[in-house]
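Chains as they are written, first to last, in this note's numbering: chain X, 1 to 196; chain E, 1001 to 1118; chain C, 2001 to 2399; chain S, 3001 to 3276; chain U, 4001 to 4672.
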Amino acid sequence: MEHGDEHHRSTPLSHEKLAMWAFLGSECLLFGGLISTYMLYKNKLPEGTAISPGELFDIPFTSVTTFVLLMSSLTMVLSVSSITRGDLRRNRVWLLTTALLGAVFIGGQVYEFTAFYNEGAGFTTNLWSSAFFTLTGFHGVHVSIGIVMLMSLFIGNLTGRITKASAEKVEIIGLYWHFVDIVWIVIFTIVYLFPQ
Amino acid sequence: MTTASDSATVEDTVENDEEHEHISDWGYVKVALLLAVITALEVFTYFESVVDWGKALVPALLVMMVIKFGVVVAYFMHLKFDSQVFTRVFVAGLLFAIGVYLAMIMAFGFHPWEIFQE
Amino acid sequence: MKSLAGSRGRLATLVATVMLSAAACGDKPLTTMDSAGEKAAQINDLALWVFAIAGVIFVLVQGMILYSSKRFRVKPPEDPDQERPGGYSDDEFPEQIHGNDVLEWGWTALPALILAVVAVFTVVVIFEQDDVQASGDPLVVEVVGQQWWWEFQYHLDGNTDTPPDIVTANELVMPVGVDIPLRVQSRDVIHSYWIPRLNGKRDAVPGRSHPWVLQANEPGRFMGQCTEFCGLSHAYMRMFTVALSQADYEAWVAEQLVDAEQLSEGDVGYEGQQLFIAQCAECHIIEGVTDRDGDPSNGVDSTDLYVGTAGVDERYTDSLTAGAAPNLTHFMSRETYAGSFFDLYDEDGNVNRAQLEAWVLNAPAEKPNRPDNLQGMRAFLNLTPDQLEQIVDYLETLQ
Amino acid sequence: MLTTGFKLFFGFAVVALVGAAVYGVASGDLSGKDYLGFVDPSSFVGVLSLGWKGGVGDHSGYVVLVFATVSAAYLAFTLVGFRDADPEAVARLGGSGEIPPAAGPTANNVWPAFGAAAAVVLLLGLVTHAAVFVTGLILLAVVAFEWMISAWADRATGDPEANRELRTRIMAPFEIPLLGAAAVAVIVLSASRILLAVSELNAVWIAIGIPIIIVGAAVAIVAMEKPSRGAVVGVLAVGVLAIVVLGIVSAAVGPRSFEHEEEHTDEEALVTEVAR
Amino acid sequence: MAIVEDTPRELTTGQPAVAERPLGVLTRPTSTEGWKSWLTTVDHKRIGILYGAAAIFFFVVGGIEALLIRLQLARPGATVLGADLYNQVFTMHGVTMIFLVAMPLGAAFANYLIPLQIGTRDVAFPRLNAFSFWCFLAGAIFINTSWFLGGAPDGGWFAYAPNTGVLFSPSNGMDFFAIGLQITGIASLLSAINLIVTVVNLRAPGMTWFRMPVFTWMMLVVQVLLLFAIPVITLALFLLMFDRLWGANFFNVEAGADPLLWEHLFWIFGHPEVYILILPAFGAVSEIIPVFSRKPIFGYKFMIFSGIAIGFMGWGVWAHHMFASGIGPISVAAFSVSTMFIAVPTGVKILNWMATMWGGRLRFTTPMLFAVGLVSMFTIGGLSGVTHSVAPADTQQTDTYYIVAHFHYVVFGGVILGLFGGMYFWWPKVFGYALDDRAGKWNFWLMLIGFNVTFGPMHLLGLQGMSRRIQTYSSGQGFDLWNMVATIGSFMIALSVLVFVGNILQSYRTRNRRPPVGPDPWDGRSLEWATASPTPVHNFDYVPVVESLDDFWHRKWGEDEDGNIVRLATAEQIAQTGERRDVHLPSPSYWPLVVAIGLPIIGYGLIFNYWLCMVGGAIVLGGVYAWIMEPTDDPDAAHGPDGHDDHHDGDGDGNGATTDESEAEELEAPVG
Ligand code: HEA
Ligand code: HEA
Ligand code: CUA
Ligand SMILES: [Cu+2]
């Protein structure tokens, strides 16, 4: 104990992980608000609006991208489990795969946004469109940030900065990634699948 | 990166944070398969010709959503095997969000039981 | 409540008297403590009880604090050895009490109980207050808030789907005694309609129509003030409610239903009317004379304006910004104007011409507004003094 | 502290600034306003506020001089900030009392090549689209910055290892996120272009196909015991190349037609301005 | 947590490093003295002091705004401020006082005291902590620059839509409001996460949940409230910003939007917010009263649970701000009842403080005066709050000066009195010298009287029907007398604040002439008194081991056979001396400051020119990654001239993780 007693810990929990969970708890209130705003406004289209969500949505397509995001959660978890084993190579592969799947999802979203816009539903068109683009846009930004973090991990792995010792970092970013995924689970059901 | 030092003085009722290899990679794949199946079911509700859910549509969708949500949180996010403290902070946020926003949209005239009326 | 009334009744009266006397000294047109209508009285009856309860708790708590501060106070020791921590000596200790669960639960339960009683009465009154059905008279008044004045649209038959029968501004005239249902609305931002002596307030929220009710026990003029912050001139957005005896009210209605006349050359105010049509009719309506597009000849009933309309300048329909202006058909029948901020007549009953001329000449200087943003009336600095006279002469004909 | 280098460049900056001011005022404006006149303070406002309020005389000359000021000042402060070319300071800090010898660059310099590429993009932009031109500009700026830092780091100390370390320390915070983001942006843009170009149904198929290929490749690589580095890089390169080429082609082809076309309004720029 | 860890490397070439600090300004800063060290500090105590200083500065700013309001309202028809300016001034008064005074003042105490009270060296993420402060300051300055850039926000502090849309508020003021509060929101959110982790993870050995001081408990509740309330206001502000900047429709009534959405979102945040403001003061008072009553706090657990209950119930009452807004009788009834019952846990607190005083030996030092002042004054505000909760009554009261009276009694009579007491109480601990007691008493009495003279009459004004937020009134309305009285009172408050400032200066000047305060000037109870004053940088020489509630006090005092209290030791004997010099502490860092500077630049960019956003974004992004990749310590400091090697892997425990190399990805998310 000569130089010891540096920082006594009252729980064995890691600071960073706890912080991430707290942050995710906080994010629930952000997305909860966005989703309720959407629910509130989606049925408030003025009479005779030509463009309705029911017409615009391309459920088969969105189902596919939803699926892609869901599977990215699997690859994420695989990358975490490989780094806890110290398997840097597989970690690398899965990180990149996750990021790529995320990118495909975002690509799909950009496609969807552009298509809606081309069909006449822009950000400012009506209540529904503002709420829709804001909700899914917020989610998209979250995914994009996640991708950048994943790519940073990937580059870190390549340059030797990420090692078995950094497994928890991967895990924490994974938590964020999964959270973004579960938010989409909710959005997909409420925004896309609920009867319009 | 956890400091395991001084675990003698740890008084919290948290589970020990030792390496928990509760699930193998194959286990994760199985979980993902489950999620995939539920997602497929969800998507099928969209094609009314397959099954007509009638009034149960929205509740059914919600149930499936909640299951998926729970499975990802419990298994992929490891919450089932991790410390209770994590569960508490996260679930607190979740419940606050649900409670507060439900009350809000109810004040706007939304009634939860209406979800049964297609 | 009866049993409570015995012990606490006196206190309630006491508090009430103190507050009333505070309210009564001098002229307090907005006071909430001197109700003149059923609804306001209902509120006051409830509120006074609550004030009384709060008063008792206030006295108890403050009394206890003062008492224990006096009784348990100790002075720091006199001797120069002041360095004792906190000024205490080593052997100066009160009994070390850590708590008392009975007490704790007691003072958790007691306030809860008091509040439960209050809650019951509160909820009852909330629902009573929400009863906004008409009593007798089918009249419904749409109260429309707008930056920064009020418009009242009378539907004498109670049907709000048809154009209003009477449109007036800032002064709501109603018969005494009966409940008059209101539909509180707004054209731009949130305002709040409040005649303190008759009822509590209700927000005028754009896009919504809030039922509310007014009733006065006695004839009189009751002042009000917009109480939701609504921008630049919020302070200048006042209003009156005038309660008239049934007969007077009916006379008023009959008078308001008459359109103004088209004057012809030689009539008093003819020049003024021409000027008005040229300059003011873009915004103001005088039934029988002008329309919102300023063309007196097209004969459109000006009330069309309120049901989506013919010939209105697009700037006014496109934005929610104020753009509509007070209907001036019976301007002189009101005692105040421009958000009831200015008196139209002086004490002797003569028209306050100087003020009115100042208003017409340069409204933004008299009352803060932003005409360039369609918020309020713009200035007419180009009017010569003669023209100004003529316009005001004309306004004076609008009885 | 104030090295010779600093003084030199700072001097340059001051001279250039004064020059700019004088030139901006003196070149006047030809509409007869009294720009030289010392009676009218407004004639200086434009010059001193860099044109924010009021104007200056001859623009091009003024701009050149102001830029000279900025660059010189930038260099001056960089020199101080990084203690560059300040052998004395280096010696003092080193404690050895010896002025260190100059050292040569330690790594291959790739930036000229990238610079050339950026220039090509820039030129392409001139003939194709403004967006390409702006991309070229940004690339050029990035290259210039990277090059500068590398060049500086190469000579910062006598120790090549430390120099490399320095470069990383400064540039990695920018490179890592930007590289990550750029990689993703390329895929996002290309994929969405492809999806837009094809029919709605085919979009679904493509959206199924791409992730299957990605996951398939990943599984294959993971399954291999010892994949050759070349192979992996090759697969990746081919994949990226394919998607980029397809993306460019699709963008050139343009999106499929949409029914509600007529309902466009001009303000609705946010969503697609980015995408287009 | 560094995503990519960049451990300091030995030079591999074998030759000695030619330059010790070749990076110039880019190496991790090391200085711990001089003004520059304040910019890079990661010490929770210094950050606490910075928060406090900023809060006091803004208190004077907000106070001057208040005085302007009072001057304008002193007489009917006054022309001190025009309507436009008046609206800006009262809006900024509210915004400043709530977001830039009360909240950071709370944060100051939280930062300084939590680590001390739970017996640790620093918060869990020291650099993140520094970032929170700079981020707060950046946001605060950003909002205030609106005065010079086309006009301050003018929509009232709760900014009801659609009055705050571009159509009705065309200046940039509301943009500054929306963006500025988002920036300070990031600060609050991160600081909340940080402190929650700190309390959960870093309590000293033996410091169980129910041995934690009430103050720390209340602060924990506050952080949880912040954690969940900030995202709600962030969301509302985003919607407003999208409407204003990019023409979204959230509050566009023409498109069918419902303005009540804003009201709900704002107050869902707004009501928890008022408990965020008051609980720190409650915490401080819960420390002060036992000390000066020489008794333990009465009903410790009830104090804790009532605090938690307040925090919890605070989430279910927000619509009491909307009783007149037409939400329908069912909602009104529900929220009316839920609001009333918040009085129950609050009452428990008030009564427990009174019970603590009961039978004690009360010493009315300045901190005690302020604390008792809170108990007394807050009760008045609380009781008027209960009269608002009676919804029908509130339809008469809402938006009148009766409300203004209510909330000034709770925010001034509660928050300001409580935290002023806190300042007098902990001043010796923070600065090593006490504030003068005599001047303090002047300060208190002037403030108490001035405060009642200012806000007492407002009850009457409100009941007489004076609306709030009106720039002027007419003499026929019967408001003349009490408004004049209130204005006079406000200048008495100003005088008391001047006395406070004077007291600080004078006490500082004479600090060496007066007897030293020692570690424990008040016979304190909690751990912060168990170390030297001013607190040494490393807080504790060794980590204290806690055996009971009020552990420090129980080490000083025990009971003899007769149950009498006897001294076991003096504070000087058992308090730590703070003389240890070999404690490894997290190194200072530039990056928190850099990242924080980037945020307002993005803000200006959103308002004026999107290119600026690129600049700001680059600063933020580069700053964040530089932060993540920053070596744990300054590599060169290890070879520093003092020869002491605190290279943290050197001690062989292999535990390279100190707390400061920590925070990372949380940072990016809120930015998005
Ligand atoms: C520190 C901040 C703070 C605190 C702690 C409180 C505490 C309370 N507030 Fe207040 N409030 C504000 C700050 C605060 N408020 C602000 C800033 C506004 C205005 C916002 C704006 O419009 O700008 C406001 C507005 C406001 C309104 C809306 C008024 C309106 O606009 O119409 C209401 C309505 O119910 C209300 C109620 C209450 C209640 C019931 C409490 C309770 O928590 C009080 C509980 C305390 C006690 C009751 C006293 C002690 C108890 C006892 C001694 C026990 C016995 C008591 C009984 C049995 C009654 N407040
Ligand atoms: C923590 C919160 C807080 C605090 C401490 C205060 C403190 C004060 N407040 Fe207020 N106030 C609010 C929060 C607060 N306020 C809020 C939220 C609103 C609502 C805003 C809205 O409607 O949007 C409001 C609104 C408000 C109004 C209503 C305005 C209106 O509706 O039109 C008034 C009017 O009198 C007022 C007055 C005061 C006064 C006199 C003080 C005094 O106590 C201030 C005392 C401080 C000082 C006096 C500073 C000391 C100064 C010096 C030492 C410098 C001396 C130098 C010179 C004199 C040059 N405040
Ligand atoms: Cu209208 Cu205030
Ligand atoms: Cu509240």
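Heads up, the beta-carbon is just placed ideally off N, CA and C, and yes, glycines get one too. Since the model is a prediction, treat every value here as computed from it, not as a measurement.
Whole-Å CB distance - residue i paired with residue j, under 8 Å assumed
{"i": "F4455/U", "j": "H4408/U", "result": "4 Å"}
{"i": "V80/X", "j": "G174/X", "result": "5 Å"}
{"i": "A3122/S", "j": "L3137/S", "result": "Reading off the sequence shown, one finds Leu at residue 3122/S, where the question assumed Ala. L3122/S to L3137/S, Cβ: 6 Å. Contact."}
{"i": "L29/X", "j": "V4200/U", "result": "The pair is not a contact, with the Cβ atoms about 20 Å apart (cut-off 8 Å)."}
{"i": "A4571/U", "j": "P4519/U", "result": "6 Å"}
{"i": "G4139/U", "j": "A4066/U", "result": "Incorrect: roughly 21 Å between the Cβ atoms, too far for contact."}
8 Å Cβ cutoff met for residue i and residue j
{"i": "I4304/U", "j": "R4203/U", "result": "no"}
{"i": "P3173/S", "j": "A4626/U", "result": "yes"}
{"i": "D2137/C", "j": "P2163/C", "result": "no"}
{"i": "A1107/E", "j": "H4388/U", "result": "no"}
{"i": "M4207/U", "j": "V4615/U", "result": "no"}
{"i": "V4317/U", "j": "S4331/U", "result": "no"}
{"i": "A2338/C", "j": "K2367/C", "result": "yes"}
{"i": "G3234/S", "j": "A3191/S", "result": "no"}
{"i": "E27/X", "j": "I172/X", "result": "no"}
{"i": "Q2256/C", "j": "P2181/C", "result": "no"}
{"i": "Y24/X", "j": "F1090/E", "result": "Note that residue 24/X corresponds to Leu in the displayed sequence, not to Tyr. Closer than 8 Å, so yes."}
{"i": "G1093/E", "j": "F4228/U", "result": "yes"}
Own chain partners of residue i with C-beta closer than 8 Å, once the 5 adjacent residues on each side are dropped
{"i": "P4682/U", "result": "The question about residue 4682/U has no answer, for chain U in this structure spans 4001 to 4672."}
{"i": "A4284/U", "result": "F4109, F4215, A4371, G4418, L4419, G4421, G4422, F4425"}
{"i": "A4393/U", "result": "T4387"}
{"i": "G4063/U", "result": "I4493, A4494, V4497"}
Other residues of its chain near residue i: CB distance less than 6 Å, five sequence neighbours each side excluded
{"i": "F4177/U", "result": "P4153"}
{"i": "A4248/U", "result": "F4242"}
{"i": "L4293/U", "result": "Strictly speaking, residue 4293/U in this sequence is Ser, with Leu absent from that position. Closer than 6 Å at the Cβ level, and outside the excluded window around S4293/U, lie T4356, M4357, G4360, L4362."}
Same chain, Cβ closer than 7 Å to residue i, five either side skipped, listed in chain order
{"i": "R2370/C", "result": "L2232, G2376"}
{"i": "A3076/S", "result": "F3006, F3009, F3010, A3013"}
{"i": "A4257/U", "result": "N4249, F4250, F4251"}
{"i": "A1954/C", "result": "No statement about residue 1954/C is possible, as the shown extent of chain C runs from 2001 to 2399 and does not include it."}
**OP:** For the stretch 4074-4082 of chain U and the stretch 4107-4118 of chain U, state whether three or more C-beta atom pairs, one from each stretch, are separated by less than 8 Å.
**Re:** no
**OP:** Decide if the stretch 4535-4550 of chain U is in contact with the stretch 4210-4218 of chain U; the criterion is three or more beta carbon pairs, one per stretch, under 8 Å apart.
**Re:** yes
Original post:
Are the stretch 4142-4153 of chain U and the stretch 4217-4225 of chain U in contact at 8 Å, needing three or more beta carbon pairs?
Top reply: no
**OP:** Let me have the residue list for ligand 3: C-beta closer than 5 Å to any non-hydrogen atom, ordered along the chain.
**Re:** H2191/C, C2226/C, C2230/C, H2234/C, M2237/C
**OP:** Examine the Cβ distances between the stretch 4124-4141 of chain U and the stretch 4435-4454 of chain U and report whether three or more of them are shorter than 8 Å.
**Re:** no
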